[in-house]
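Undergrad: Okay, here's the structure, questions in a sec.
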Amino acid sequence: PLWTVHAVAWDESQDLVALLSNRFLVFWRLRNREKGQFQQKKEFRFHATRQEGKPGTFPWKVHLRSVDPKNGEEANEEEVVRSKDKKDAPEILLGEKAKVNVRPKDPQVAARKEKREQRLAAEAAQQLDIWWNASMKVWVSADYEGRLYLWDLREHTIESTIYPMKILHSHSQVVTSFLELSSFKFTTCSLDRSVCVWDSRNFSGPEVKLEEHTGAVLSQAYLPLFSSLVTVGCEKRVFVWSIDSTAYRGVRAKLSAHQANLAQVSTGQRVFVTLDEACIFILWDGATLQALQTTNCSTLAPKHVVVLPSLGRIILASRRLNFFDGNEQGSIAL
Numbered sequence: 001p002l003w004t005v006h007a008v009a010w011d012e013s014q015d016l017v018a019l020l021s022n023r024f025l026v027f028w029r030l031r032n033r034e035k036g037q038f039q040q041k042k043e044f045r046f047h048a049t050r051q052e053g054k055p056g057t058f059p060w061k062v063h064l065r066s067v068d069p070k071n072g073e074e075a076n077e078e079e080v081v082r083s084k085d086k087k088d089a090p091e092i093l094l095g096e097k098a099k100v101n102v103r104p105k106d107p108q109v110a111a112r113k114e115k116r117e118q119r120l121a122a123e124a125a126q127q128l129d130i131w132w133n134a135s136m137k138v139w140v141s142a143d144y145e146g147r148l149y150l151w152d153l154r155e156h157t158i159e160s161t162i163y164p165m166k167i168l169h170s171h172s173q174v175v176t177s178f179l180e181l182s183s184f185k186f187t188t189c190s191l192d193r194s195v196c197v198w199d200s201r202n203f204s205g206p207e208v209k210l211e212e213h214t215g216a217v218l219s220q221a222y223l224p225l226f227s228s229l230v231t232v233g234c235e236k237r238v239f240v241w242s243i244d245s246t247a248y249r250g251v252r253a254k255l256s257a258h259q260a261n262l263a264q265v266s267t268g269q270r271v272f273v274t275l276d277e278a279c280i281f282i283l284w285d286g287a288t289l290q291a292l293q294t295t296n297c298s299t300l301a302p303k304h305v306v307v308l309p310s311l312g313r314i315i316l317a318s319r320r321l322n323f324f325d326g327n328e329q330g331s332i333a334l
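Letter 145 of the sequence shown, counting from 1, is numbered 145 in our numbering, and no numbers are missing.
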């Protein structure tokens with residue numbers, strides 16, 4: 001069967017990773033940068049097992065198992081083998097006069113219970129997105145309920161079961177974006193209408209949780225030159241926050257030039273661009289926060305906007321990649 005690719009991430013060096021809908025995590029190693037050639041190196045699969053915990057807490061322990069590239073079988077399946085080898089123990093009932101009555105379990109009920117447990121485990125292990133954190137050298141995955149899992153996959157053996165080095169849970173719904181701001185700071189945004197600022201030196205909780213958005217937050221981008229984080233989502237306003245390498249400084253501005261809900265934002269050196277659901281994209285000055293140019297791209301029907309600062313170009317992506325060049329001054333700003 002064919003599986004959906006949920007996300008693709010790149011460690012900016014040599015490893016490309018794809019997260020699939022069958023819970024597989026596939027790694028490719030760059031062989032030839034000039035030709036763009038990759039070689040598949042390793043595979044993992046997400047699993048979840050029940051764990052004891054406090055009432056109301058997440059009852060599953062998510063981990064990765066290595067997949068043997070030679071035969072495609074998962075390594076370290078002791079827990080699965082043990083569960084299969086266990087015979088259904090009879091249910092012992094203590095009746096009157098301490099008589100022991102043995103009542104065998106219904107095999108159909110046991111089979112349905114096992115199937116249900118497998119389905120719940122698969123749902124708990126399912127990850128929707130993955131990113132690379134260059135400062136910590138870890139991969140960050142996210143599940144349906146806003147949990148972030150930090151994975152160190154540099155050192156492992158084919159027989160190993162890998163557990164996350166940290167689990168972060170401040171969002172209550174799907175995390176839509178992960179963005180690294182500096183050596184210790186990174187931000188996440190979510191469908192729960194919040195933006196979290198994290199410090200990797202203290203994972204007891206987010207440093208700041210911003211909850212001024214009135215709709216789901218879909219995209220974010222950072223302007224290091226002006227220490228400005230730009231976030232957009234299912235509302236018409238563009239939020240600009242002041243965050244430097246040391247701390248969150250407050251709201252810088254709320255921009256209201258769009259007439260439709262926003263979809264994406266991308267930044268250059270001195271400017272940033274926002275795209276809304278009506279296919280209008282606006283070029284903004286990062287210093288003054290003034291709209292420099294408004295363009296109607298409805299004929300292109302773009303779904304994504306990306307700024308390429310190194311080339312001084314803007315890409316609008318739909319069924320095709322549409323490249324836009326600025327004039328000399330615009331290219332420098334990008």
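Ideal Cβ placement from N, Cα and C applies to all residues, glycine included.
A quick note: this is a predicted structure, and the numbers were derived from the prediction, not measured.
Once DSSP output is grouped into helix, strand and coil, what is the label at L120?
TA: Your numbering for residue 120 matches position 120 in the sequence shown. Three-state result, L120: helix.
Undergrad: Could you tell me which uninterrupted beta strand (DSSP E) segments, each at least 3 residues in length, are contained entirely in the stretch 248-313, listed from first to last along the chain?
TA: Fully enclosed beta strand (DSSP E) runs of 3 or longer: 248-255, 262-267, 271-276, 280-285, 291-296, 304-308.
Undergrad: Does the beta-carbon of Q220 have 16 or more other beta-carbons within 10 angstroms, so that it is buried, or is it exposed?
TA: On the sequence shown, residue 220 is found 220 positions in, with the first residue counted as 1. Q220 is buried by the Cβ-count criterion.
Undergrad: Identify whether K115 lies in helix, strand or coil by the three-state DSSP scheme.
TA: In the sequence shown, counting from the first residue as 1, residue 115 sits at position 115. Reduced to three states, the DSSP call for K115 is helix.
Undergrad: Rounded to the nearest angstrom, how far is the Cβ of T267 from that of E235, given a contact under 8 Å?
TA: For the purposes of this step, residue 267 is taken as residue 267 along the sequence shown, with counting starting at 1. For the purposes of this step, residue 235 is taken as residue 235 along the sequence shown, with counting starting at 1. Their Cβ separation, rounded to whole angstroms, is 20 Å, which puts T267 and E235 out of contact at 8 Å.
Undergrad: Which ranges would you report for the beta strand (DSSP E) in the stretch 194-237 if only whole runs of at least 3 residues count?
TA: As far as the stretch 194-237 is concerned, its whole beta strand (DSSP E) runs of at least 3 residues are 195-199, 208-210, 217-223, 228-233.
Undergrad: Measuring only the C-alpha atoms, how far is A301 from W28?
TA: Start at 1 with the first residue of the sequence shown, and residue 301 comes out as number 301. Start at 1 with the first residue of the sequence shown, and residue 28 comes out as number 28. So the alpha carbons of these two residues sit roughly 32 Å apart.
Undergrad: Can the beta-carbon of S141 be found closer than 8 Å to that of W151?
TA: In the sequence shown, the residue the question calls residue 141 occupies position 141. In the sequence shown, the residue the question calls residue 151 occupies position 151. For S141 and W151, yes; Cβs fall inside 8 Å.
Undergrad: I'd like to know whether the C-beta of W151 is nearer than 8 Å to at least one C-beta of chain C.
TA: Checking the listed chains, one finds no chain C in this structure; it contains a single protein chain.
Undergrad: Determine whether the beta carbon atoms of V217 and S228 lie at a separation below 8 Å.
TA: Taking the first residue of the sequence shown as position 1, residue 217 is located at position 217. Taking the first residue of the sequence shown as position 1, residue 228 is located at position 228. Taking 8 Å as the Cβ cut-off, V217 and S228 do not qualify as a contacting pair.
Undergrad: What residue does the beta strand (DSSP E) around N322 start on, and which one ends it?
TA: On the sequence shown, position 322 is the one that residue 322 refers to. Element bounds for N322: 321-325.
Undergrad: Among A247, P309, V238, D285, which residue has its Cα nearest to the Cα of L275?
TA: If you number the sequence shown from 1, residue 275 lands on position 275. Selected option, being the one with the closest Cα: V238.
Undergrad: Assign A317 to one of three DSSP states: helix, strand, or coil.
TA: Within the sequence shown, numbered from 1, the residue matching residue 317 stands at position 317. Three-state DSSP puts A317 in a strand.
Undergrad: Does the structure place the stretch 181-189 close enough to the stretch 37-53 that three or more beta carbon pairs sit under 8 Å?
TA: Touching, no.
Undergrad: Helix, strand or coil: how does DSSP classify Q173 here?
TA: As a working mapping, residue 173 is identified with position 173 in the sequence shown. Q173 falls in the coil class under three-state DSSP.
Undergrad: Hey, how far is the Cα of R193 from the Cα of H171?
TA: To locate residue 193, count along the sequence shown from 1; it is residue 193. To locate residue 171, count along the sequence shown from 1; it is residue 171. Approximately 9 Å between the Cα atoms of the pair.
Undergrad: Please state whether DSSP places A142 in a helix, a strand or coil.
TA: As a first step, residue 142 must be located in the sequence shown, where it is residue number 142. In the structure shown, A142 sits in a strand (DSSP, three-state: E or B).
Undergrad: Whose CA, out of F178, L179, Q127, lies closest to the CA of P164?
TA: If you number the sequence shown from 1, residue 164 lands on position 164. The shortest C-alpha separation from P164 is found at Q127.
Undergrad: Ordered along the chain, which non-local residues of its own chain (more than five positions away) have a Cβ less than 6 Å from that of S245?
TA: In the sequence shown, counting from the first residue as 1, residue 245 sits at position 245. Around S245: S182.
Undergrad: Per DSSP, what are the beta-bridge partners of S245 in this structure?
TA: Residue numbering aside, residue 245 sits at position 245 when the sequence shown is read from its first letter. Looking at the DSSP assignment, S245 forms no beta bridge with any residue, so it has no partner.
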